[in-house]
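These notes are about the structure you will find just below.
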Amino acid sequence: MRRLAAALLPALVFALSDLVVTVWSGRPEALGSPLYHLLLPAAALGRFAGMFVLAGAAWWLLRRAGSARGWRVLGVISGPLAYSLSAMWHVSGYFPTGQAAYYGLNPLVVAAVGSSIATAAVAEMLWRRRPAIGLLGLAALGWAVLWATVLWDGGVHWFYVYQQGFKALFG
Amino acid sequence: MITDDQRWDHFSAAPGCPDYLTTPNIDRLAMAGARCDNAFVTTALCSPSRATFLTGKYATRHGVRNNLTAWDPAQTTVFEPLMTAGYDCAFIGKWHMPGGVPDLRGVSRFITFTAQGGQGQYVDCPLLIDGVMTPRPGTYITEDLTDFALDWLAQRPQDQPWCLYLAHKAVHHQFEPPAHLKGTMDNIDLSGLPPEAYAFMTTLDRNVWEGTVTGLQREYRRYLETLLGLDEQIGRLLDNIDLSNTYVIFTSDNGYSWGEHVITGKRWAYEENTRVPMIVAGPGISPSHPSQLLLNADVAPTLLEWAGAGALPEAQGRSFAGLLAQESSQWRQDFVYEYFVDFPYNVPAMQALRTDQWLWIEFDSDDDPQLYDIGDDPHTRHDLRSSQPQEARVLAARLAELGAVIRSGGQV
Chain D
1 MRRLAAALLP
11 ALVFALSDLV
21 VTVWSGRPEA
31 LGSPLYHLLL
41 PAAALGRFAG
51 MFVLAGAAWW
61 LLRRAGSARG
71 WRVLGVISGP
81 LAYSLSAMWH
91 VSGYFPTGQA
101 AYYGLNPLVV
111 AAVGSSIATA
121 AVAEMLWRRR
131 PAIGLLGLAA
141 LGWAVLWATV
151 LWDGGVHWFY
161 VYQQGFKALF
171 G
Chain S
1001 MITDDQRWDH
1011 FSAAPGCPDY
1021 LTTPNIDRLA
1031 MAGARCDNAF
1041 VTTALCSPSR
1051 ATFLTGKYAT
1061 RHGVRNNLTA
1071 WDPAQTTVFE
1081 PLMTAGYDCA
1091 FIGKWHMPGG
1101 VPDLRGVSRF
1111 ITFTAQGGQG
1121 QYVDCPLLID
1131 GVMTPRPGTY
1141 ITEDLTDFAL
1151 DWLAQRPQDQ
1161 PWCLYLAHKA
1171 VHHQFEPPAH
1181 LKGTMDNIDL
1191 SGLPPEAYAF
1201 MTTLDRNVWE
1211 GTVTGLQREY
1221 RRYLETLLGL
1231 DEQIGRLLDN
1241 IDLSNTYVIF
1251 TSDNGYSWGE
1261 HVITGKRWAY
1271 EENTRVPMIV
1281 AGPGISPSHP
1291 SQLLLNADVA
1301 PTLLEWAGAG
1311 ALPEAQGRSF
1321 AGLLAQESSQ
1331 WRQDFVYEYF
1341 VDFPYNVPAM
1351 QALRTDQWLW
1361 IEFDSDDDPQ
1371 LYDIGDDPHT
1381 RHDLRSSQPQ
1391 EARVLAARLA
1401 ELGAVIRSGG
1411 QV
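As you go down the protein sequences, you meet chains D and S in turn.
Number 31 in my numbering belongs to position 31 of the first sequence; there are no gaps in the numbering.
Number 1368 in my numbering belongs to position 368 of the second sequence; there are no gaps in the numbering.
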């Protein structure tokens, strides 16, 4: 159970944060302005953390628990996967099924996978208490994916690649 | 002149403009002519709105329903009847309609760009000049397009009437101001942003594809700086235009939300998205603030009436020339807004009815309709659908009626 909880930590943090955003976003009068402006940014950051960062924490916790690689891989992908499934569900009300499925591969998902791999690689090096060329390369690759898909000029370049894919599939 | 993503209240002569924004050149035009405070687009999205400006039709009829549906080259644009009437026409700036850049009939000069899916880029943007792709190293696009416009005005035959369609990239994302204006808005007080806006809301799916992921306030400051740069270039153009014999229409393809309804972007039927600047100056137009509901679909019919040219086939908008000359007071009391799904943007398809007082929105999704009293609630924060059921029924019926007129190609 502890292993499952650790592996799903990114997904749980994402899901809880996403729920807060879904319920309270746009309703400052319901919460009161101070609480609203505390809770909503925190929830938005929680979504971000679950998608992009907490894979490293999951990897560390699972390493400490002596978990097998399969559990650790689950810890790396659970956050991006939770976001992808949530995103598909949110758009399924107005995109046809195929397009909603393609939405589940959007640039944020790719970026989240890249970032999660990178943070897990860093967590592994911290666990070993020494750097390794392969892990450094993996971290660099993961962050390069993050940069190319959402940070380079605000993500506009990969966005157009993604749109070309949409046109090829559905256009 | 068509700007991009400029809100109706973001030039300093506009009512409600934030006091940190000063646009002396747009204001100069507004002081000289009619500042139309109730101007709207029928679809608050780049490609459909641009097609509407050119054809006078709703997206339902011209077919460019979103940023992915192709322009139909068989469509007649405003340039063809203008050319037939003896006008020399130029299209300079943003085309941005899917289906590739067409062989645009009716223009003697066609300068546009295809970079970044047709959005262009602020710096070093290659231009397609009369069909020839031309690198433009060392240029800033707002200034570059203005240079081409001024060159065309200077070099064309002076004894022939003309029409210049100048469509700027500014102030679209990536909100990149000219170098001398970068940072000039860093210290303004943004405490007046909408109360529902919050830090990191730009990372939400409904906003993230707008490219504003680095934060609402940071992006908004760059937007304002880019707008200042645009104002400078508009000043250069106006310095070379004689309003005693030239009509000028200044407007935008759509507005832009900066936090209202927790949105950064456009597409929605809310005022911040649908309402656009509309300044009209020229012979016989006195300084005024007409309050009638004008549409982007009205622009082409108006230009044609001024030119004495033949009407556009199937145009759905109507000329506001007589209205601004104060020769006529009959005008529409409402209009329909339409939005079609535009992948991957998280915005459901919707139709809305806007009257002088009310905004009624229906979504093609599980979302409930919404009703707002624009007079009492201009920022559409209080949905009155439950408390005003009778009004909701009347507006829904009118939306269905007028929507059918539009889909069948009728005039509005």
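Virtual Cβ for every residue (Gly too), placed ideally from N, Cα, C.
Are any of the Cβ atoms in chain D nearer than 8 Å to that of residue i?
i, result
"Pro1287/S", "no"
"Phe1200/S", "yes"
"Glu1271/S", "no"
"Leu1068/S", "yes"
"Gly1117/S", "yes"
"Leu1190/S", "no"
"Asp1174/S", "The sequence given here has Gln at residue 1174/S, not Asp. At least one chain D Cβ lies under 8 Å of Gln1174/S."
"Thr1022/S", "no"
"Thr1203/S", "yes"
"Pro1195/S", "yes"
"His1096/S", "no"
Taking C-alpha atoms, which residue in the options lies nearest to residue i?
i, options, result
"Glu1225/S", "Gly1016/S, Thr1184/S, Thr1043/S, Gln1316/S", "Thr1184/S"
"Trp1358/S", "Pro1348/S, Tyr1337/S, Tyr1345/S", "Tyr1337/S"
"Leu61/D", "Val145/D, Met1/D, Tyr160/D", "Met1/D"
"Arg1222/S", "Pro1194/S, Thr1202/S, Asn1254/S, Leu1181/S", "Leu1181/S"
"Ser25/D", "Phe14/D, Ala43/D, Ile77/D, Trp127/D", "Ala43/D"
"Glu1080/S", "Trp1162/S, Thr1114/S, Arg1393/S", "Trp1162/S"
"Tyr1198/S", "His1173/S, Ile1111/S, Gln1233/S, Thr1264/S", "Thr1264/S"
"Tyr1345/S", "Gln1326/S, Leu1216/S, Asn1207/S, Ser1191/S", "Asn1207/S"
"Gly1086/S", "Asp1298/S, Gly1308/S, Asn1067/S, His1289/S", "Gly1308/S"
"Ala6/D", "Ala65/D, Pro28/D, His37/D, Ala49/D", "Ala65/D"
"Gly1117/S", "Pro1024/S, Lys1169/S, Thr1023/S", "Lys1169/S"
"Gln164/D", "Leu1293/S, Phe1335/S, His1173/S, Asn1067/S", "Asn1067/S"
"Leu1371/S", "Arg1381/S, Ser1365/S, Thr1139/S", "Arg1381/S"
"Leu1295/S", "Gln1233/S, Leu1054/S, Gly1192/S", "Leu1054/S"
How far does the beta strand (DSSP E) with residue i in it reach, from first residue to last?
i, result
"Val1064/S", "Looking at the DSSP string, Val1064/S is not in any beta strand (DSSP E), and its letter there is neither H nor E."
"Ser1466/S", "In the structure as shown, chain S starts at 1001 and stops at 1412, and residue 1466/S therefore has no counterpart that could be examined."
"Glu124/D", "Segment 107–128 is the alpha helix (DSSP H) holding Glu124/D; no beta strand (DSSP E) there."
"Met1350/S", "1350–1355"
"Met1278/S", "1278–1281"
"Leu1164/S", "1162–1167"
"Glu1338/S", "1334–1339"
"Ile1092/S", "1088–1093"
At a Cβ threshold of 8 Å, is residue i touching chain S?
i, result
"Phe14/D", "no"
"Ser33/D", "yes"
"Leu85/D", "no"
"Val110/D", "no"
"Gly56/D", "no"
"Val91/D", "yes"
"Gly50/D", "no"
"Gly70/D", "no"
"Arg171/D", "The amino acid at residue 171/D is misidentified as Arg; the sequence shows Gly. Taking Cβ atoms only, chain S reaches closer than 8 Å to Gly171/D, which makes this a yes."
For the alpha helix (DSSP H) containing residue i, name the first residue and the last one.
i, result
"Thr1202/S", "Looking at the DSSP string, Thr1202/S is not in any alpha helix (DSSP H), and its letter there is neither H nor E."
"Gln1217/S", "1216–1238"
"Trp147/D", "Unbroken run through Trp147/D: none, as it is neither H nor E."
"Val1041/S", "Segment: none, Val1041/S is in no alpha helix (DSSP H) and carries neither H nor E."
"Met1133/S", "Counting along the chain, Met1133/S falls outside any alpha helix (DSSP H), though it belongs to the beta strand (DSSP E) covering 1132–1134."
"Arg1407/S", "1389–1407"
"Phe1148/S", "1141–1155"
At a threshold of 7 Å, does residue i count as lining the ligand FAD (C-beta to nearest heavy atom)?
i, result
"Lys1266/S", "The ligand content of the structure shown is nil, which means the ligand FAD is not present either."
Worksheet entry | Chain-ordered residues of the region 1334–1351 of chain S with a beta carbon less than 7 Å from chain D | Val1341, Phe1343, Pro1344, Asn1346, Pro1348, Ala1349
Discussion item. At a CB distance below 8 Å, what residues from the region 1209–1236 of chain S approach chain D? Give them in sequence order.
Written reply: Trp1209, Gly1211, Thr1212, Val1213, Thr1214
Discussion item. With three or more C-beta pairs closer than 8 Å as the rule, is the region 1004–1012 of chain S touching the region 1273–1286 of chain S?
Written reply: yes
Discussion item. Quick test of the definition: if touching needs 3 or more C-beta pairs under 8 Å, does the region 150–164 of chain D touch the region 1055–1065 of chain S?
Written reply: no
Worksheet entry | Selection of the region 17–46 of chain D by Cβ proximity to chain S, strictly under 8 Å | Val21, Ser25, Gly26, Arg27, Pro28, Ser33, Tyr36, His37, Leu40, Pro41, Ala44, Leu45
Discussion item. I want to know whether the region 1237–1248 of chain S touches the region 1198–1205 of chain S - three or more CB-CB distances under 8 Å.
Written reply: no
Item to complete: Using a Cβ-Cβ cut-off of less than 9 Å, give me the residues of the region 147–163 of chain D that come near chain S, in sequence order.
Response: Val150, Leu151, Asp153, Gly154, Gly155, Val156, His157, Phe159, Tyr160, Tyr162, Gln163
Item to complete: Evaluate the contact criterion for the region 131–151 of chain D versus the region 1086–1102 of chain S: three or more CB pairs, one atom per stretch, below 8 Å.
Response: no
Discussion item. Please identify, using Cβ separations under 8 Å, the residues of the region 103–137 of chain D that lie next to chain S, in order along the chain.
Written reply: Tyr103, Asn106, Leu108
Fill in: Contacting positions in the region 1351–1368 of chain S - beta carbon closer than 7 Å to chain D
Asp1364, Ser1365, Asp1366
Worksheet entry | Residues of the region 1247–1267 of chain S with Cβ closer than 7 Å to any Cβ of chain D, in chain order | His1261, Val1262
Worksheet item: Is the region 62–82 of chain D touching the region 112–120 of chain D in the sense that three or more CB pairs, one from each, lie closer than 8 Å?
Response: yes
Discussion item. Does the structure place the region 1029–1040 of chain S close enough to the region 1242–1251 of chain S that three or more beta carbon pairs sit under 8 Å?
Written reply: yes
Discussion item. So, does the region 1318–1331 of chain S touch the region 1294–1302 of chain S, judging by three or more C-beta pairs under 8 Å?
Written reply: yes
Discussion item. Assess contact between the region 1185–1196 of chain S and the region 1110–1129 of chain S, defined as three or more Cβ pairs (one per stretch) separated by less than 8 Å. Is contact present?
Written reply: no
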